Each structure stands twice: as structure tokens, then as C-alpha cells.
Amino acid sequence: MKNLLTLLFLAVSITTFSQKEITGKATYMSKTTVDMSSWGRNGQMSEAQKKQIAARMKNMLEKTYTLTFTKNESVYKEDEKLEAPGAGGGFRFGGFGGSGTQYKNTKDKVALESTEFFGKNFLVSDEMNQPKWEMSTETKKIGNYTCYKATMMKDVDPLDWTNMRRRRNNDNKKDESKKDSSNVTKISDEIEMPKQIEVTAWYTPQIPISNGPGEYWGLPGLILEVNSGRTTVLCTELVLNPSEKIEIEAPTKGEKIKREKYTKTITQKMEEMRQNFRGRGRGGRGRF
């Protein structure tokens, strides 16, 4: 009965606003946590060292984005900010920081990302298959909006280093490691990555826009919060129907490439650079 009432409520909400042209800008704060308990040789690292590294990583782990949207289109882009002198300078992981411009057209099923990898621009296209959300009747308030919970399992992006974790080599966990081996990808002798993670989204039918931050969409309302792996993305400010007209333009800059080929190309390049770095020996000063 609860599920039926929820579906009826969503249907009424969508019908009520379907003829209304809604545009807006939503600000999202993204925060990623990192487990540093096993960092250093044999997991030995002083608290002072951990705090120092955490401070340098802050600009990479805490970001602000703006989602500009109309009924069917959106652009999601990281807000530019100036770094304080010495704050995280030179501390980078690879060449992928998620700072590109992501465009979605939910009507025509077009998804593009304009991004850069070590000085080369790419225009990456994705397949926009309907996300397989499992909708729930669970609710919570985000600001003034009532949000409903939805979950799905998502394939992990091989370039998303935030999902990497230390491999379990403890003898007491050998059986468990074997059991889970089919669910992880081995990166190195010490590092692995899960093949799938659960994503939780909170959307509000009060804003009947089937869109959200980053790659997320496909729910009967704007997604205001996403929890994915160690990352939480939360809407902190929302402006609907601003006085200035909103016009969305798809990005055109960069070499056109499919997501699968792009991932393969970057992975190969990163491995090549890693091998070159190793070849310089311990005294080498190579960097990505």
C-alpha cells in the first residue's frame, strides 16, 4: 500500500508540473574520505604525518560543482577556485581530476564530457542507458525539500582512484579474499578495486526534473544527494527559474572518443608512465 501511495504521489507531482518549464542552478559540495590507517610501511605513520597529508589532499577531496539545468539538458562543472600558496601544490593523482564539463540530454540520450589529460583535450561520449534504480518509500528532508531514497549497483570506473583499497593479505582472511576475488580488480600486489559499488540517491518530486549531479539521472525528481563509495555529493544551494535566461550548450572541445576507448587509452598511458617511472630506479625524480 505504501509503495502504491508513493507512486500515486509521484505521478500527481509529475502531472502537475509537466507543463511548467523549470530551469535552475544547483550547487553541490562533493567530499571524499580516505582511510589512511594502513598508510606507510606496515601501516606505520604518525598522526602528524597523516594530518599533513590530509591537509594537502583537501583541495582534491573536497570540491564544489554547479549543475545548470533545463527540463531536458544540463551542464555539470567544477567551480574554479584559487589555491593558497603551498596548499597541495604538485600533489596530483594521474591526470584525471574530474574537473571536466559534463553535459547530459535526457530526452535525446546524449552524454558528453569535455576533459583534459596531460595537455590533450578529449570529448568523451557515454551511452545513456536508463539507470536501474530501486525506489524506496524512505524519505528525509534536504533543506525545504522532501526527498525519496533510491539505490542501484554501479560498475566502478577504472580511473576512479577513490575506490581503490589495500588488498587483504592477512592469513586469517585468505578464505574471505578468495571468496571476494571475483568482485574485485587487482591493481597491484597491494592495491585492488571493487568491480561494483552501491549508489544511494535522494531525489525530490517537488522539482520534477529527471537529472542530478555528474552522471546521475533517471528519477522522477532532481537528485539532491548522492552517496557513492567513499564520496558524498550534497546540494547546498538551489535557485529555480532565475531572472537571467538559462541556455545549455553541449561541449565541442576535444578529440571525440567513446568512453570505453578513452578508459583503455588512459589506462595504457598511466601504466606506460608507471613503468617508465620504475625504470628510473629509486634515485629517479620522475613524476606524473
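Position one of the sequence shown corresponds to residue 1 (UniProt numbering), numbered consecutively onward.
Beta carbons: idealized from backbone N, C-alpha and C, even for Gly.
Here the structure is a predicted model, which means the values were calculated and not measured.
In terms of Cβ geometry, residue 255 and residue 118 do not form a close pair [threshold 9 Å]. Residue 261 and residue 267 have their C-alpha atoms spaced approximately 10 Å apart. In this structure, residue 251 lies near residue 114, with their beta-carbon atoms less than 9 Å apart.
Per DSSP, the beta bridge partners of residue 74 are 69, 104. The beta carbon of residue 107 sits closer than 6 Å to those of 72, all from its chain and outside the five residues before and after it, given in chain order. Distances from the alpha-carbon of residue 232 to those of 51, 205, 241, 216 put 216 closest.
Within 10 angstroms of the beta-carbon of residue 210 lie 16 or more other beta-carbons, which makes it buried. Counting of Cβ neighbours within 10 angstroms places residue 153 among the exposed residues, the total staying below 16. DSSP places residue 125 in the uninterrupted beta strand (DSSP E) bounded by 120 to 126.
In this chain, the beta strand (DSSP E) harbouring residue 196 covers 196 to 204.
Proximity of the region 124 to 136 to the region 268 to 278 falls short of the contact definition, fewer than three beta-carbon pairs being nearer than 8 Å. Residue 199 sits buried, since 16 or more C-beta atoms from the chains shown fall within 10 Å of its C-beta.
Each residue's CA atom was taken as its position, placing residue 33 and residue 244 some 37 Å apart. The C-alpha of residue 77 lies about 5 Å from the C-alpha of residue 101.
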